[in-house]
Amino acid sequence: MNLNYKVIKKSSECSARLGEFETIYGISKTPMFMPVGTQATVKNLSPEDIISTKSDVILSNTYHLWLRPGEDIVDMHGGLHNFMNYKNGPILTDCGGFQVFSLANPKDISEEGVKFKSHINGESLFLTPEESIRVQNKLGADIIMSFDECPYYPCTFKYMENSIERTLRWAKRCKETHSKSSTQALFGIVQGGEFPELRKKSAIETVALNFDGYSIGGVSVGEDNETKYKMIDYAIPYLPEDKIRYLMGVGDPIDLIEGVIRGVDIFDCVLPTRLARHNNAFTKYGKINLRNKKYMDDLSPLDNECDCYTCKNYTKSYIRHLIVSQEMLASRLLSIHNIRFLTSLMEEIRLAIKNDNLLEFRDNYISKYKK
RNA sequence: GCCUGAUUAGCUCAGUGGUAGAGCAAACGGCUGUUAACCGUUGGGUCGGAGGUUCGAGUCCUUUAUCAGGCG
0 MNLNYKVIKK SSECSARLGE FETIYGISKT PMFMPVGTQA TVKNLSPEDI
50 ISTKSDVILS NTYHLWLRPG EDIVDMHGGL HNFMNYKNGP ILTDCGGFQV
100 FSLANPKDIS EEGVKFKSHI NGESLFLTPE ESIRVQNKLG ADIIMSFDEC
150 PYYPCTFKYM ENSIERTLRW AKRCKETHSK SSTQALFGIV QGGEFPELRK
200 KSAIETVALN FDGYSIGGVS VGEDNETKYK MIDYAIPYLP EDKIRYLMGV
250 GDPIDLIEGV IRGVDIFDCV LPTRLARHNN AFTKYGKINL RNKKYMDDLS
300 PLDNECDCYT CKNYTKSYIR HLIVSQEMLA SRLLSIHNIR FLTSLMEEIR
350 LAIKNDNLLE FRDNYISKYK K
């Protein structure tokens with residue numbers, strides 16, 4: 000499916016671009032942050048909560064839904080949107096490639112596919128590019144991902160070279176398997192680690208397969224910041240101007256800004272929701288841990304300028320009380336705030352691109368934000 | 001009044017002669033395409049009191065206090 004991605008404005012000072020694309024849910028503006036709902040739910044949040052965060056696209060995961068409840072059950076509901084009652088915006092499914100990184104052993108990866116042991120019951124599983132696409136076709140997300148290997152970091156040049164070549168062959172198989180190209184956009188994924196020539200090769204050859212958009216994967220897997228930004232720089236020049244660029248798994252506020260400056264359009268990350276469950280809130284001055292005793296009598300909201308439901312209605316003191324009392328509302332309120340914090344940051348970024356002052360915005364932001 | 005049992009970290013409890021421990025709680029840290037409401041670090045004890053035996057006692061003995069049962 001053609002998302003009709005359009006560049007509205009290119010920054011005059013960096014590679015950032017303001018853009019939009021189209022689905023049956025309407026126009027989506029980029030740069031954008033997408034919250035993650037692995038198991039067809041953004042953990043702790045109802046669809047109404049998600050909408051209140053002004054999110055647009057949300058993510059779900061092929062591997063997890065394949066295992067449970069199974070793609071047929073989702074299909075019986077008429078697809079993911081109906082299954083999880085998210086009607087506000089598009090859904091993107093990740094392909095299961097990250098689970099190759101987090102759950103499978105390198106020795107279990109073959110040309111044909113990846114051998115897994117189910118994290119639920121230990122059952123032996125085999126995921127192939129064809130199976131990933133077949134499952135994603137049934138899940139019915141608006142944007143689906145080509146099945147890739149997300150290699151361990153660090154890995155050798157030789158391992159990475161073999162890996163990207165195999166991922167390219169998998170990408171071709173994914174394209175050939177994709178049976179719903181009229182309703183689902185299929186993105187290819189660029190790998191190559193920290194090796195410039197491999198990022199270049201992976202990008203050029205993935206683009207040659209002509210996907211509906213392109214992801215940069217294998218980032219935020221343990222590398223330092225400098226390396227992380229280089230990985231983006233090595234790939235971006237070879238990605239077409241007229242297609243969406245998606246940096247997978249990145250969601251730290253500074254990383255979002257740096258990614259946009261380098262030409263990235265969309266991001267996803269578990270960080271806002273995971274940090275929320277672990278009692279942390281994003282603020283303009285860095286993240287804070289609400290379990291800390293100093294918030295016991297703090298009557299201020301998480302962030303004075305934030306317009307989220309949580310900040311409009313609750314004090315830090317109350318949220319700390321919920322955390323100490325192990326009440327589940329704490330992680331819900333923090334999830335709402337953290338996601339809204341990032342969608343709000345993306346609004347500011349879009350405005351800065353429009354005003355051609357994104358680099359100044361970045362410098363001001365970093366000077367306040369303690370990473 | 002007599003008999004038994006208990007008393008060790010804030011709490012619940014291990015530790016039966018050889019350098020005082022765990023879980024929880026507390027304080028704090030980490031988290032980047034979710035195997036994570038998770039993981040980690042740190043602080044915290046005259047072992048109820050007083051005597052005694054012993055090279056050495058949380059541990060054995062005497063005594064005492066408190067608590068819980070049982071019998072009168």
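Here the first sequence stands for residues 0 to 370, where the numbers follow numbering that gives the first Met the number 0.
From the three backbone atoms N, C-alpha and C, an ideal C-beta is built for every residue, glycine too.
Residues that DSSP places opposite residue i in a beta bridge
{"i": "residue 160", "result": "Paired residues: none, contrary to the question."}
{"i": "residue 313", "result": "Paired residue(s): none; residue 313 is not in a bridge."}
{"i": "residue 268", "result": "34"}
{"i": "residue 386", "result": "The first residue shown for the chain is 0 and the last is 370, placing residue 386 beyond what the model contains."}
{"i": "residue 213", "result": "187 and 244"}
{"i": "residue 21", "result": "26"}
{"i": "residue 6", "result": "18"}
Cα-Cα separation, residue i to residue j
{"i": "residue 4", "j": "residue 354", "result": "21 Å"}
{"i": "residue 187", "j": "residue 271", "result": "25 Å"}
{"i": "residue 221", "j": "residue 152", "result": "6 Å"}
{"i": "residue 347", "j": "residue 81", "result": "32 Å"}
{"i": "residue 1", "j": "residue 326", "result": "44 Å"}
{"i": "residue 235", "j": "residue 196", "result": "13 Å"}
{"i": "residue 185", "j": "residue 102", "result": "24 Å"}
{"i": "residue 173", "j": "residue 209", "result": "12 Å"}
{"i": "residue 136", "j": "residue 177", "result": "7 Å"}
{"i": "residue 85", "j": "residue 36", "result": "11 Å"}
{"i": "residue 216", "j": "residue 297", "result": "40 Å"}
{"i": "residue 148", "j": "residue 292", "result": "43 Å"}
{"i": "residue 96", "j": "residue 250", "result": "18 Å"}
{"i": "residue 357", "j": "residue 260", "result": "7 Å"}
{"i": "residue 227", "j": "residue 70", "result": "34 Å"}
{"i": "residue 12", "j": "residue 74", "result": "46 Å"}
{"i": "residue 320", "j": "residue 56", "result": "32 Å"}
{"i": "residue 140", "j": "residue 129", "result": "16 Å"}
{"i": "residue 104", "j": "residue 318", "result": "40 Å"}
{"i": "residue 280", "j": "residue 330", "result": "10 Å"}
{"i": "residue 307", "j": "residue 144", "result": "31 Å"}
{"i": "residue 266", "j": "residue 295", "result": "34 Å"}
{"i": "residue 240", "j": "residue 322", "result": "46 Å"}
{"i": "residue 313", "j": "residue 194", "result": "47 Å"}
{"i": "residue 183", "j": "residue 142", "result": "5 Å"}
{"i": "residue 315", "j": "residue 158", "result": "48 Å"}
{"i": "residue 352", "j": "residue 76", "result": "40 Å"}
{"i": "residue 146", "j": "residue 189", "result": "11 Å"}
{"i": "residue 181", "j": "residue 232", "result": "32 Å"}
Pick from the options that is closest to residue i, judged by C-alpha positions
{"i": "residue 191", "options": "62, 200, 172 and 184", "result": "200"}
{"i": "residue 289", "options": "263, 334 and 308", "result": "334"}
{"i": "residue 7", "options": "298, 369 and 243", "result": "243"}
{"i": "residue 124", "options": "275, 143, 99 and 252", "result": "99"}
{"i": "residue 33", "options": "255, 287, 72 and 9", "result": "255"}
{"i": "residue 165", "options": "179, 143, 127 and 180", "result": "127"}
{"i": "residue 300", "options": "207, 310 and 219", "result": "310"}
{"i": "residue 29", "options": "78, 363, 262 and 91", "result": "262"}
{"i": "residue 26", "options": "88, 41 and 158", "result": "88"}
{"i": "residue 245", "options": "161, 43, 258 and 292", "result": "258"}
{"i": "residue 121", "options": "66, 129 and 163", "result": "66"}
{"i": "residue 109", "options": "94, 156 and 161", "result": "161"}
{"i": "residue 340", "options": "203, 252 and 117", "result": "252"}
{"i": "residue 268", "options": "78, 20, 68 and 91", "result": "91"}
{"i": "residue 131", "options": "94, 40, 238 and 16", "result": "94"}
{"i": "residue 204", "options": "229, 219 and 238", "result": "238"}
{"i": "residue 68", "options": "42, 38 and 43", "result": "38"}
{"i": "residue 150", "options": "219, 143, 117 and 206", "result": "219"}
{"i": "residue 44", "options": "328, 31 and 168", "result": "328"}
{"i": "residue 21", "options": "158, 211 and 332", "result": "211"}
{"i": "residue 336", "options": "362, 305, 345 and 202", "result": "305"}
{"i": "residue 214", "options": "107, 202, 46 and 179", "result": "202"}
{"i": "residue 46", "options": "83, 159 and 206", "result": "83"}
{"i": "residue 168", "options": "156, 230, 181 and 207", "result": "207"}
{"i": "residue 54", "options": "359, 118 and 343", "result": "343"}
For this session: Just list the alpha helix (DSSP H) runs in the stretch 24-62, keeping only unbroken ones of 4 residues or longer that don't cross its boundaries, in chain order.
Result: 46-51
Exercise. Going along the chain, which unbroken runs of the beta strand (DSSP E) with 3 or more residues stay wholly within the stretch 74-125?
Worked result: List check, beta strand (DSSP E) in window: 90-93 and 113-116.
For this session: Report the residue ranges of all beta strand (DSSP E) runs contained in full by the stretch 131-177; include only those spanning at least 3 residues, in chain order.
Result: Fully enclosed beta strand (DSSP E) runs of no fewer than 3 residues occupy 142-144 of the stretch 131-177, in order along the chain.
Problem set entry | Touching by the beta-carbon criterion (3+ pairs, under 8 Å), the stretch 155-175 and the stretch 268-286 | no
For this session: Take every Cβ of the stretch 110-122, pair it with every Cβ of the stretch 45-53, and state whether three or more of those distances are shorter than 8 Å.
Result: Counting C-beta pairs with one atom in each stretch, the stretch 110-122 and the stretch 45-53 have fewer than three that are closer than 8 Å, which means they do not touch.
Exercise. Can at least three beta-carbon pairs, one atom from the stretch 61-80 and one from the stretch 128-145, be found at a separation below 8 Å?
Worked result: yes
Exercise. Taking three-plus beta-carbon pairs below 8 Å as touching, is the stretch 280-296 in contact with the stretch 357-368?
Worked result: Under the three-pair Cβ rule at 8 Å, the stretch 280-296 counts as touching the stretch 357-368.
For this session: May I have a chain-ordered list of the alpha helix (DSSP H) segments no shorter than 4 residues that lie completely inside the stretch 291-349?
Result: You should have 308-312 and 315-323.
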